[in-house]
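Right, one structure below, let's go through it.
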Amino acid sequence: MALYMIGIGLNDEKDISVKGLELIKKADKVYLENYTSVLDCSIQDLEKFYGKEIILADRNMIENGISDILEESKEQNIAVLIVGDVLVATTHIGILLEAEEKGIDVEVIHNSSIFNAIGDVGLFSYEFGKITSIPFGYQNVEVPIRVFNDNYKLGYHTLFLLDLDPKNDKYLEIPEAARYLIDKGIDPELISIGCARMGSKNKEIKVAKLKDLAKSTFKQKLHCLIIPGKMHFIEEEAIERWKEQK
Ligand SMILES: C[S@@+](CC[C@H](N)C(=O)[O-])C[C@H]1O[C@@H](n2cnc3c(N)ncnc32)[C@H](O)[C@@H]1O
């Protein structure tokens, strides 16, 4: 009996790894953690492809009800599916620690994540500084600004993750995030990169001044924003591809 923590990738039902799918097939119960990120397909698409019924697990069920799920995994094989990677920009390390403390066998299956999908933009991953998040209630929030200033001083790129509330179909979008950054004193002339629905063939990447991203529109939901620091000439050449033709 075991707990399987399975990353299911960024886009649709087919992003699961072979190992992940094998464990889902072995599982007696399959939960989908559905608040830290979202796929671009329906639960029914997942159920059909995985051949299993899926139980939706919201924040309350994972954060407050995890002991029940851990108890179940003493008697049965339980799979918890996480969009993207299990441990990237989630707090699921807490589940692993609690499971290990209770002597439960845990298997983690990693998958691609927003952290590697932004590689498409063309910035070098080792030139990113600290990552930060912009929450919905950003009015009095200063942390993303401090993180950006610290990174920028060191020449590092900053990735801003943007808040989401899939249960209520609410997503913080790039234009609003750009307006928040400008209102908090970040230079509107800075070249910035808006990324929507990365990891899918419908991904959208736009390179423009921050003030122009504040007025931009994206067709897809699930956004993040990057402000590059000092760029190598290859990075400059790579991001040029995403500038809108005027
Ligand atoms: C809390 S993080 C969870 C990351 C996830 N565990 C992973 O490995 O990708 C979710 C945030 O990352 C960003 N994000 C995740 N997937 C994305 C995608 N495909 N395209 C653009 N942004 C994405 C969004 O800002 C979203 O609100």
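First residue of the sequence shown? That's 40 in this note's numbering, and the numbers climb one at a time after it.
Ideal Cβ positions, reconstructed from N, Cα and C, are used throughout, including at glycine.
Let me make sure I understand the geometry here. Which of the options has the alpha-carbon closest to that of residue i?
i	options	result
Lys206	Asn50, Gly142, Lys248, Leu95	Leu95
Arg280	Val246, Thr256, Gln259	Val246
Lys91	Val125, Leu78, Asp97, Ile82	Ile82
Asp144	Lys113, Gly123, Asp159, Val180	Lys113
Leu161	Phe187, Ile148, His196	The identity of residue 161 in the sequence shown is Gly, whereas the question assumes Leu. Closest option to Gly161, Cα to Cα, is His196.
Glu139	Leu42, Glu61, Glu283, Lys258	Leu42
Asp124	Gly48, Leu201, Lys240, Ala235	Gly48
Ile101	Thr75, Phe187, Ala277, Gly142	Thr75
Leu78	Tyr89, Asn116, Val122	Val122
Thr256	Met44, Asn103, Pro214	Pro214
Lys258	Asp159, Ser239, Leu198, Gly158	Ser239
Pro174	Ile278, Gly158, Asp159, Asp204	Asp204
Glu111	Phe88, Ile55, Tyr70, Phe187	Tyr70
Leu198	Ser164, Pro227, Tyr210, Glu228	Ser164
Lys260	Asp51, Ala118, Leu211	Leu211
Val147	Leu109, Met44, Val119	Met44
Tyr89	Ile105, Leu120, Gly104, Lys209	Leu120
Using 10 angstroms around the beta-carbon of residue i, count the other beta-carbons present and answer buried if the total reaches 16, otherwise exposed.
i	result
Ile132	exposed
Ile273	exposed
Val57	exposed
Met40	exposed
Arg185	exposed
Leu320	With the chain covering only 40 through 285, there is no way to say anything about residue 320.
Asn73	buried
Gly46	buried
Leu136	exposed
Gly233	buried
Cβ of residue i versus every heavy atom of ligand 3: is any distance shorter than 7 Å?
i	result
Thr130	With respect to ligand 3, the structure shown offers nothing to examine, as its ligands consist of ligand 1.
Would you call the segment 146-157 and the segment 120-128 in contact, with 3 or more CB pairs under 8 Å?
A contact between stretches requires three or more CB pairs, one per stretch, nearer than 8 Å, and the segment 146-157 meets this requirement with the segment 120-128.
Inspect the CB distances between the segment 216-234 and the segment 172-183 and report whether three or more fall short of 8 Å.
With a cut-off of 8 Å, the segment 172-183 and the segment 216-234 count as touching, because enough Cβ pairs lie within range.
Between the segment 162-176 and the segment 61-72, do at least 3 Cβ pairs fall closer than 8 Å?
The segment 162-176 is not in contact with the segment 61-72.
Counting pairs of beta carbons, one from the segment 257-274 and one from the segment 185-205, are three or more of them closer than 8 Å?
They touch, by the three-pair rule.
Which residue spans inside the segment 152-209 form an unbroken alpha helix (DSSP H) run of at least 4?
The qualifying runs are 153-156, 182-192.
Runs of alpha helix (DSSP H) wholly within the segment 55-135 (minimum 4 residues, chain order):
List check, alpha helix (DSSP H) in window: 57-65, 82-89, 98-102, 105-114.
Quick check on the DSSP output: what are the complete beta strand (DSSP E) runs of length 3 or more inside the segment 234-262, in order along the chain?
With a minimum length of 3 residues, the unbroken runs of beta strand (DSSP E) contained wholly in the segment 234-262 fall at 243-248.
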